[in-house]
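Single-structure report; data block below.
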Ligand code: C5P
Ligand code: MG
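Residue numbers (the UniProt record's numbering): 1 to 287.
Dropping the structure here:
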């Protein structure tokens, strides 16, 4: 199989033969049977750039134009408590789940208190260090050119992530987003978050709540899934009569500790890889 990107040193696979079989099956079935489901933070966006960590959607909001110094400190304290829990291999999902709900709930309550202004979002996204991964344009454009639907399924903030992809010029009509959206009052100030909270461990429930989306895509039984957390593995749980799924996982942080569990869960694990090259290599083969 001619996908040179799979020979890169960042690529690890539990079963290379199986990966090749899945890709061949998808290639035979063609792009009209394909859909792509991707996480956003640290999957479509970079984890680090020039040795510095890149922000998540929530971290982008950490800007003095939007929030007070005190709120900034509180959000940072929350991050210091909960991020190590999120990425702790020693704890089960059952143990982490209520703590993750706690993190999101507390952070969203703080943001609401700040009455964030809708019309400043574009500016703070522009000022932020958020960056889509190397090769993102080829990825988004290829999917659009071949009419392949891309679902971005994020526990981040929908308004922020849409702005990131809009400013990058890749918010094409084939892109659909499931995420946490802000609810603004008449004056354009944040008053709540809409709908059911999406956190990193309830993407399965989020998928099932959006049954209509997957019903529309019933003929697209082959799925390319991209994620960076083990919680991202359930993003395709709403897909109808799934034929083949290829799961690509970015292993960005705590690489040595988490490698084994990632290799068990994802078909392809990308170790400290800041590019979309592997996904692109596969897409060029199957579309
Ligand atoms: O798009 P994705 O589903 O990856 O978004 C979730 C990410 O947002 C998590 O990996 C988590 O670390 C991050 N997060 C954050 N601040 C919060 C809550 C979550 O940076 N308050
Ligand atoms: Mg993520």
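Even glycine gets a Cβ: it sits at the ideal position worked out from N, Cα and C.
| query | result |
| --- | --- |
| Can you pull every residue whose C-beta falls closer than 6 Å to some heavy atom of the ligand MG, listed in chain order? | 39, 41, 42, 43, 228 and 229 |
| Which residue comes first and which comes last in the alpha helix (DSSP H) that contains residue 85? | 69-86 |
| Could you please give the first and the last residue of the uninterrupted beta strand (DSSP E) stretch that includes residue 302? | Only positions 1 to 287 of the chain appear in this structure, which leaves residue 302 out of reach. |
| Report yes if the C-beta of residue 146 is less than 8 Å from at least one heavy atom of the ligand C5P; otherwise report no. | no |
| Which two residues bound the contiguous beta strand (DSSP E) that contains residue 271? | 268-271 |
| Count the other CB atoms within 10 Å of the CB of residue 225; is the residue buried (16 or more) or exposed (fewer)? | buried |
| May I ask which residues mark the beginning and end of the alpha helix (DSSP H) holding residue 259? | 255-265 |
| Using 10 angstroms around the beta-carbon of residue 55, count the other beta-carbons present and answer buried if the total reaches 16, otherwise exposed. | buried |
| Straight-line CA distance for residue 264 to residue 68? | 43 Å |
| Name the two residues that bound the continuous beta strand (DSSP E) containing residue 155. | 150-157 |
| Inspect the beta-carbon positions of residue 58 and residue 44 and report whether they are closer than 9 Å. | no |
| Which stretch, first to last residue, makes up the beta strand (DSSP E) that contains residue 41? | Premise fails: residue 41 is in no beta strand (DSSP E) and is neither H nor E. |
| For residue 234, count neighbouring Cβ atoms within 10 angstroms of its own Cβ and tell me buried if that reaches 16, exposed if not. | buried |
| Taking one C-beta from the region 112-128 and one from the region 189-206 each time, how about it: are there three or more such pairs within less than 8 Å? | yes |
| Measure the alpha-carbon distance for residue 179 versus residue 268 and round it to whole angstroms. | 25 Å |
| Alpha carbon to alpha carbon, how far is residue 40 from residue 243? Give it in angstroms, no decimals. | 24 Å |
| Rounded C-beta distance between residue 36 and residue 150? I'm assuming under 8 Å. | 5 Å |
| For residue 8, I'd like the list of residues in its chain whose CB is within less than 8 Å of its CB, leaving aside the five on either flank, ordered along the chain. | 273, 277 and 278 |
| Please name the residue, chosen from 270, 286 and 219, that lies closest to residue 10 on a Cα-to-Cα basis. | 270 |
| What are the start and end residues of the beta strand (DSSP E) that includes residue 184? | 182-184 |
| Assuming residue 158 contacts residue 177 (C-beta within less than 8 Å), just tell me the rounded distance between them. | 6 Å |
| DSSP has residue 61 in a bridge; who is on the other side? | DSSP, once it has assigned bridges, lists no residue as partnering residue 61. |
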